[in-house]
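Here's the structure we're looking at; comments come further down.
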Amino acid sequence: MQTSLEVIQRFLDQKRIAMVGVSRDPRHFSAYLFKELCKRGLDMVPVNPQGGILYGATCFARVQNIQPPVEAALLMTRPAVTESIVHDCEEAGVRLLWMYRANGQGAVSDDAIRFCQKCGIEVVAGECPLMFLAGAGPVHRVHGWIRRITGQYPRSSYRQAA
Numbered sequence: 000m001q002t003s004l005e006v007i008q009r010f011l012d013q014k015r016i017a018m019v020g021v022s023r024d025p026r027h028f029s030a031y032l033f034k035e036l037c038k039r040g041l042d043m044v045p046v047n048p049q050g051g052i053l054y055g056a057t058c059f060a061r062v063q064n065i066q067p068p069v070e071a072a073l074l075m076t077r078p079a080v081t082e083s084i085v086h087d088c089e090e091a092g093v094r095l096l097w098m099y100r101a102n103g104q105g106a107v108s109d110d111a112i113r114f115c116q117k118c119g120i121e122v123v124a125g126e127c128p129l130m131f132l133a134g135a136g137p138v139h140r141v142h143g144w145i146r147r148i149t150g151q152y153p154r155s156s157y158r159q160a161a
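Just so we're aligned: 85 in numbering that gives the first Met the number 0 is position 86 of the sequence shown, and the numbers increase by one with no gaps anywhere.
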């Protein structure tokens, strides 16, 4: 499943985004990504089964507990966990999901994608959000460049006039 640039932009335009699976270990990439997205002005809401306070923000144990509710969620979970989280997201009214992936499978699950499609939830299946934000560091720019030259970079869903 190739995601369009329009779905990616709709996701990044959201005012408030849940980040499911953000680690309490500040050295973990999910913690770095959470803090980086917050620095860039996104209102990120951490979701971790332990709840409490995480990186200065109220952390919720489940997506359904978030108040006020969010319409988008970034999943940083293993595929088996993603399959249950998408049900939580659907129950909570989340309409946009990003299943993170840099290398390997990441959070992407074919079963979870099928469930989302059936429920009318838009999905970004794979990719790293930092590749699509202005001012990304050199690693993210190189990663995006490699995906472009190999034909794996998301494309616009709009057809260009001849």
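Glycine included, every Cβ here is placed at the ideal spot set by N, Cα and C.
Since the structure is predicted, the reported quantities are computational estimates derived from the model, not experimental observations.
Excluding the five sequence neighbours on either side, which residues of its own chain have a C-beta within less than 7 Å of the C-beta of residue i, listed in chain order?
| i | result |
| --- | --- |
| residue 13 | 70, 71 and 95 |
| residue 6 | 121 and 123 |
| residue 52 | 58 |
| residue 160 | Because residue 160 carries a pLDDT of 42, less than 50, the predicted location of this residue cannot be relied on, and the following value inherits that uncertainty. The answer is none, since no qualifying residue turns up. |
| residue 82 | 108, 110 and 111 |
From residue i to residue j, what distance separates their C-alpha atoms?
| i | j | result |
| --- | --- | --- |
| residue 68 | residue 133 | 27 Å |
| residue 110 | residue 18 | 20 Å |
| residue 92 | residue 35 | 26 Å |
| residue 16 | residue 42 | 6 Å |
| residue 27 | residue 76 | 12 Å |
| residue 55 | residue 11 | 22 Å |
| residue 39 | residue 29 | 15 Å |
| residue 37 | residue 22 | 15 Å |
| residue 24 | residue 116 | 33 Å |
| residue 128 | residue 9 | 12 Å |
Assuming the contact rule is C-beta atoms closer than 8 Å, residue i and residue j should be a hit. Round their C-beta distance to whole Å, please.
| i | j | result |
| --- | --- | --- |
| residue 58 | residue 45 | 4 Å |
Closest by CA to residue i, which one among the options?
| i | options | result |
| --- | --- | --- |
| residue 73 | 93, 97, 89 and 82 | 97 |
| residue 47 | 80, 127 and 26 | 80 |
| residue 65 | 50, 76 and 75 | 50 |
| residue 20 | 114, 148 and 61 | 61 |
| residue 130 | 32, 23 and 115 | 32 |
Below 6 Å CB to CB, which residues in the same chain sit around residue i once its five sequence neighbours on both sides are set aside?
| i | result |
| --- | --- |
| residue 86 | none |
| residue 89 | 118 |
| residue 105 | 99 |
| residue 114 | 85 |
| residue 148 | none |
Which same chain residues, not among the five before or five after residue i, have their C-beta less than 8 Å away from its C-beta?
| i | result |
| --- | --- |
| residue 63 | 87, 90 and 91 |
| residue 2 | 122, 123, 124, 125, 126 and 153 |
Length at least 4, wholly inside the region 71-101: the alpha helix (DSSP H) runs in chain order: 78-91
Ranges of the beta strand (DSSP E) found wholly within the region 3-64, counting only runs of at least 3: 15-19, 42-46, 51-53 and 56-58
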